[in-house]
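*Asks:*
There are 2 protein chains.
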Amino acid sequence: MRRHNLSVLLRHLHAAGPTTRSDLTARTGLNRSTIGVLVGDLAARGFVVEGKATATGGPGRPSPPVHPRPEGAVALALEVDVDSLAAATVGLGGHVLGRRRVDRPGGRFSPEDTVDELARLARPLLRRLPAGAPVVAAGVAVVGLVRVGDGCVRVAPNLGWVDVPLAALVRRRLRLRVPVAVGNEADLGARSEHVRGAGVGIDDLVYLSGEVGVGAGIIVGGRHLGGAEGYGGEVGHLPVNPTGQACGCGSVGCWETEVGEGALLRRAGRSAEPGDRTAVRTLLDDARAGDDAARAAVEAVGRWLGVGLAGVVNVFNPRRVVLGGLFAELHPLVARTVDAELDGRALDASRAVVDVVVSALGVDAPLLGAAELALDELLGDPTRMPPLAEQNKDAARE
Amino acid sequence: MRRHNLSVLLRHLHAAGPTTRSDLTARTGLNRSTIGVLVGDLAARGFVVEGKATATGGPGRPSPPVHPRPEGAVALALEVDVDSLAAATVGLGGHVLGRRRVDRPGGRFSPEDTVDELARLARPLLRRLPAGAPVVAAGVAVVGLVRVGDGCVRVAPNLGWVDVPLAALVRRRLRLRVPVAVGNEADLGARSEHVRGAGVGIDDLVYLSGEVGVGAGIIVGGRHLGGAEGYGGEVGHLPVNPTGQACGCGSVGCWETEVGEGALLRRAGRSAEPGDRTAVRTLLDDARAGDDAARAAVEAVGRWLGVGLAGVVNVFNPRRVVLGGLFAELHPLVARTVDAELDGRALDASRAVVDVVVSALGVDAPLLGAAELALDELLGDPTRMPPLAEQNKDAARE
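So the protein sequences, as listed, match chains A and B.
For any residue, its number in the numbering used here is found by taking its place in the first sequence, counting from 1, and adding 2.
For any residue, its number in the numbering used here is found by taking its place in the second sequence, counting from 1, and adding 2.
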């Protein structure tokens with residue numbers, strides 16, 4: 003029971019930031035003295051620190067704010083995208099202690115090379131952590147289908163990977179003694195947008211990210227849609243055009259063949275390597291500058307984005323769709339087209355309750371989601387971490 | 003705590019049927035004496051009755067089986083389909099006490115006429131209930147989008163209904179003094195197949211029912227996918243063919259325009275009123291008998307069924323797809339075609355873990371799901387019903 007209450011409190015502080023004791027009391031329905039005891043426990047474990055009480059203008063004693071302590075527990079977050087790699091150290095409260103991203107355009111890299119590069123990115127971040135800030139777990143976002151049980155990448159077509167035991171590789175190469183969890187990039191983008199981005203408080207949410215492929219992270223009734231093995235949410239492989247293009251997955255006319263980066267470049271008559279972000283940026287710049295072919299390509303992708311979104315809205319009845327990646331850059335150019343397709347094609351009842359917005363966390367949404375994934379176990383049971391007094395005793399013994 | 007344990011026990015007995023005390027002990031992790039007390043409580047409320055202990059061949063005392071008592075709590079289940087109406091009285095354990103269905107082909111009926119007809123169907127069933135069997139709630143399955151909060155049918159294109167307060171109409175017309183819940187037909191089909199049909203123990207399940215339209219009930223991680231307002235799961239309105247047929251929903255090329263009953267008849271060059279089940283049956287008979295046009299139509303619908311299913315499998319990563327309605331009749335004729343499309347189009351990782359089977363409960367799946375919906379509140383808190391001794395006292399006072 004106490005473990006559960008500690009978890010509720012720490013999750014709230016982690017997601018919402020500094021909160022006064024009286025707000026915590028009001029939110030949890032627990033009484034004032036219980037909150038005092040729980041906050042004391044969290045403070046003893048180094049997770050929170052109490053600020054100075056300031057007069058609120060309301061009746062009663064001023065209530066001190068409780069702050070999550072970033073250095074109280076740190077996640078190592080890693081990301082393997084098609085055209086870049088990234089690492090970050092993220093403390094409680096979602097505070098980013100350090101972050102690095104490197105471009106890696108146009109090529110396919112082996113899992114081993116990739117993990118070597120991740121280690122090079124991560125090492126200086128780990129060295130620069132404040133003294134005594136414990137890394138409690140690592141999370142990895144990857145553009146592929148991930149078996150959640152063991153962090154194995156079953157298939158990542160845009161990396162050319164099949165059955166890569168990524169969690170194990172990362173753990174070994176980085177010599178981590180903490181758990182390593184792996185998640186699909188779009189799933190983790192959905193997660194961070196839900197906790198601290200454009201989807202806060204929205205329990206029926208679709209995060210849709212366009213890159214080379216199209217990924218989606220879907221939250222249904224506040225819970226992530228994983229499916230039987232964690233491969234769910236692959237809306238990029240909804241069949242939308244039976245006479246369309248061959249898809250990397252082996253099928254024909256999948257949604258991502260009409261709205262991914264490749265479709266955009268193809269429609270403008272331009273060719274580029276998969277994952278060539280520069281070619282895509284140039285095309286979008288040209289469209290903004292009024293280039294006809296670029297504008298027509300953008301418009302066509304916008305229409306197909308709306309067509310597929312109508313299906314997504316009909317199937318999930320979400321309250322909000324958050325667009326990330328390419329779609330976030332595209333949306334300002336095609337918002338009216340997307341809305342018109344949704345109006346014409348989605349069921350009115352579901353259309354009426356959904357809005358379409360752009361990612362608040364941008365390119366880092368999946369990386370920050372990997373941090374959330376890593377911290378999840380600790381947030382679920384804060385007693386996993388012993389009080390600081392015992393930690394120090396252990397340290398002295400070592 | 004006790005309320006929760008009573009709920010766990012009664013749900014198990016309701017779904018799984020007679021279970022020995024020792025099995026209940028093993029399943030719940032509660033100790034023998036606690037199980038004894040809980041079973042005693044459920045018996046006092048009239049929900050269960052204990053059978054005679056029989057020797058099991060194992061060590062220890064023989065353990066008496068606990069039976070759910072159908073007449074301990076009865077649900078009135080109602081169904082509004084495009085071409086028929088149905089009513090049933092269903093007791094604890096899913097025991098059908100009475101059931102009636104009437105065809106109502108080819109026309110559109112007002113909500114008032116429909117509810118009158120439901121009342122005529124239900125009345126004799128209610129009269130014939132065993133003495134003292136309490137009707138605790140009613141559930142209604144309907145082919146339309148239902149706002150779960152108040153049981154309002156937002157839109158039912160194939161009935162021609164918009165914003166019909168069906169729960170309120172049923173409650174008033176049938177003079178019910180118990181709660182009335184309304185659900186989408188396919189959602190409720192999924193529910194009954196999950197509890198006691200082809201989806202028992204399968205927590206990632208898609209129930210897909212073909213009729214005039216295509217409905218789906220989707221269970222994700224053991225929970226029904228409703229979406230923000232309960233309109234989710236409308237896979238029949240996934241866009242699969244941009245150059246296809248106009249759909250009743252106002253869009254073009256929705257999946258149901260390629261696989262619904264209308265598509266089947268159209269492809270065979272036959273015309274019929276929507277909901278004309280006889281025309282569909284004749285066509286299927288002709289296909290079985292080798293009629294070329296009928297076989298070609300069936301084959302084409304089978305291909306489109308596979309195309310759309312590939313999308314559904316990619317999005318939900320289900321462990322099982324249960325086919326109901328038209329699709330249950332169609333499947334034996336096109337199983338190989340459907341499998342081939344799934345093999346060619348669905349992502350391998352998700353394809354590998356899914357099977358496609360036919361509904362176990364047949365045409366009554368939604369009706370039986372309406373009974374499950376009705377009983378849900380009681381199963382969640384069995385203490386809502388007072389012990390029989392108090393019930394009798396109350397009766398004596400009246």
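Note that beta-carbon positions come from the ideal geometry of N, C-alpha and C, so glycine has one too.
Could you tell me the alpha carbon to alpha carbon distance between residue 250 of chain A and residue 159 of chain A, rounded to whole angstroms?
*Replies:* Going by the C-alpha atoms only, they are around 7 angstroms apart.
*Asks:* Check for me: the beta strand (DSSP E) holding residue 84 of chain A runs from which residue to which?
*Replies:* No beta strand (DSSP E) contains residue 84 of chain A, which DSSP labels as neither H nor E.
*Asks:* So, using beta-carbon positions, are residue 157 of chain B and residue 354 of chain A closer together than 8 angstroms?
*Replies:* It is not a contact, given that the beta carbons lie outside the stated cut-off.
*Asks:* Return the residue from the list B:10, B:238, B:189 that minimises the CA-CA distance to residue 148 of chain B.
*Replies:* Comparing Cα positions, the closest option is B:189.
*Asks:* Mapping the DSSP letters down to three states, classify residue 7 of chain A as helix, strand or coil.
*Replies:* DSSP places residue 7 of chain A in helix when its eight states are reduced to three.
*Asks:* Could you give the distance in angstroms between the alpha-carbon of residue 4 of chain B and the alpha-carbon of residue 32 of chain B?
*Replies:* Approximately 11 angstroms, taken between the alpha carbons.
*Asks:* Is it true that the CB of residue 326 of chain B sits closer than 8 angstroms to the CB of residue 211 of chain B?
*Replies:* Yes; because the gap between Cβ atoms is below 8 angstroms, this pair is in contact.
*Asks:* Which complete beta strand (DSSP E) runs does the segment 324-400 of chain B hold, if anything under 3 residues is left out?
*Replies:* Segments of the beta strand (DSSP E) lying fully in the segment 324-400 of chain B: 357-360.
*Asks:* Closest to residue 85 of chain A by C-alpha separation, out of A:135, A:136, A:215, would be which residue?
*Replies:* Checked all of A:135, A:136, A:215; the closest Cα to residue 85 of chain A is A:215.
*Asks:* Listing by chain order, which chain B residues have their CB less than 7 angstroms from the CB of residue 258 of chain A?
*Replies:* Near residue 258 of chain A there are no residues of chain B at all, since even the closest Cβ is about 11 angstroms away, more than 7 angstroms.
*Asks:* Taking any Cβ of chain A, which residues in the segment 165-188 of chain B have a Cβ under 8 angstroms from it, in chain order?
*Replies:* Flagged: no residues at all.
*Asks:* Residue 221 of chain A bridges to which residues according to DSSP?
*Replies:* Answer is A:207, A:226.
*Asks:* Would you please verify whether the beta carbon of residue 326 of chain B is less than 8 angstroms from any beta carbon of chain A?
*Replies:* It does not; no Cβ of chain A falls within 8 angstroms.
*Asks:* Note down, in chain order, each residue of its chain lying with its Cβ closer than 7 angstroms to the Cβ of residue 136 of chain A, except the 5 sequence neighbours on either side.
*Replies:* Cβ within range, chain order: 75, 76.
*Asks:* For residue 2 of chain A, which residues of its own chain have a beta-carbon under 7 angstroms away from its beta-carbon, when the five flanking residues on both sides are left out?
*Replies:* Absent from the structure is residue 2 of chain A, since the part of chain A shown begins at 3 and ends at 400.
*Asks:* Out of A:245, A:270, A:230, point me to the one whose CA is closest to residue 321 of chain B's CA.
*Replies:* Taking only the C-alpha atoms, the option nearest residue 321 of chain B is A:230.
*Asks:* Can you tell me whether DSSP reads residue 295 of chain B as helix, strand or coil?
*Replies:* Three-state result, residue 295 of chain B: helix.
*Asks:* Measure the alpha-carbon distance for residue 400 of chain B versus residue 358 of chain B and round it to whole angstroms.
*Replies:* Note that residue 400 of chain B scores 44 on pLDDT, short of 50, meaning its location in the model is unreliable; the coordinates nonetheless yield the value given after this. Going by the C-alpha atoms only, they are around 54 angstroms apart.
*Asks:* Quick one: is residue 334 of chain A buried, meaning 16 or more other Cβ sit within 10 Å of its Cβ, or exposed?
*Replies:* Residue 334 of chain A comes out exposed.
*Asks:* Note down, in chain order, every chain B residue with its Cβ under 9 angstroms from the Cβ of residue 227 of chain A.
*Replies:* Per Cβ cutoff of 9 angstroms: 222, 223, 227, 317, 318, 319.
*Asks:* Would residue 94 of chain A and residue 124 of chain A qualify as a contact pair, given that the criterion is a beta-carbon distance under 8 angstroms?
*Replies:* In this structure, residue 124 of chain A does not lie closer than 8 angstroms to residue 94 of chain A by Cβ.
*Asks:* I'd like to know whether the C-beta of residue 233 of chain A is nearer than 8 angstroms to at least one C-beta of chain B.
*Replies:* Closer than 8 angstroms: yes.
*Asks:* Counting only Cβ pairs nearer than 8 angstroms, list the residues of chain A close to residue 346 of chain B.
*Replies:* Those within 8 angstroms of residue 346 of chain B in chain A are 252, 253.
*Asks:* Would residue 400 of chain B pass as an interface residue toward chain A - the criterion being a Cβ-Cβ separation below 8 angstroms?
*Replies:* With a pLDDT of only 44 at residue 400 of chain B, under the threshold of 50, the placement of this residue in the model should not be trusted, and no figure is reported.
*Asks:* Within the 8 angstroms Cβ cut-off, does residue 307 of chain A reach chain B?
*Replies:* No, its Cβ sits nowhere closer than 8 angstroms to a Cβ of chain B.
*Asks:* May I ask you to report which of helix, strand or coil DSSP gives residue 105 of chain B?
*Replies:* Three-state DSSP puts residue 105 of chain B in a strand.
*Asks:* Evaluate residue 11 of chain A with the Cβ neighbour count: other Cβ atoms within 10 Å of its Cβ, from every protein chain shown; 16 or more gives buried, anything less gives exposed.
*Replies:* It is buried - the Cβ of residue 11 of chain A has at least 16 other Cβ atoms within 10 Å.
*Asks:* May I ask you to list the residues that DSSP assigns as paired with residue 154 of chain A?
*Replies:* Paired residues: A:149.
*Asks:* Got a sec, what are the start and stop residues for the beta strand (DSSP E) residue 165 of chain B sits in?
*Replies:* Segment 163-166, the beta strand (DSSP E) holding residue 165 of chain B.
*Asks:* Please report the Cβ distance between residue 272 of chain A and residue 281 of chain A, rounded to the nearest whole angstrom; I am assuming they are in contact, meaning their Cβ atoms lie under 8 angstroms.
*Replies:* The Cβ separation is near 6 angstroms, so the contact holds.
*Asks:* Does any residue of chain B bring its CB to less than 8 angstroms from the CB of residue 147 of chain A?
*Replies:* Judged by the 8 angstroms Cβ criterion, residue 147 of chain A is in contact with chain B.
*Asks:* For a contact meaning CB atoms closer than 9 angstroms, what does residue 351 of chain A contact in chain B?
*Replies:* Correct list: 147, 149, 156, 157, 231, 233.
*Asks:* What do you reckon, are the CB atoms on residue 318 of chain B and residue 255 of chain A nearer than 8 angstroms?
*Replies:* Cβ distance not < 8 angstroms, so residue 318 of chain B and residue 255 of chain A don't count as in contact.
*Asks:* Using Cβ-Cβ distances below 8 angstroms, what residues of the segment 288-313 of chain A are close to chain B?
*Replies:* Cβ contacts with chain B: 309, 310, 312, 313.
*Asks:* Give me the residue from A:356, A:241, A:7 with the minimum Cα distance to residue 36 of chain A.
*Replies:* Checked all of A:356, A:241, A:7; the closest Cα to residue 36 of chain A is A:7.
*Asks:* Closer than 7 angstroms, Cβ to any Cβ of chain B: which residues of the segment 193-208 of chain A, in chain order?
*Replies:* The segment 193-208 of chain A vs chain B, Cβ under 7 angstroms: 206.
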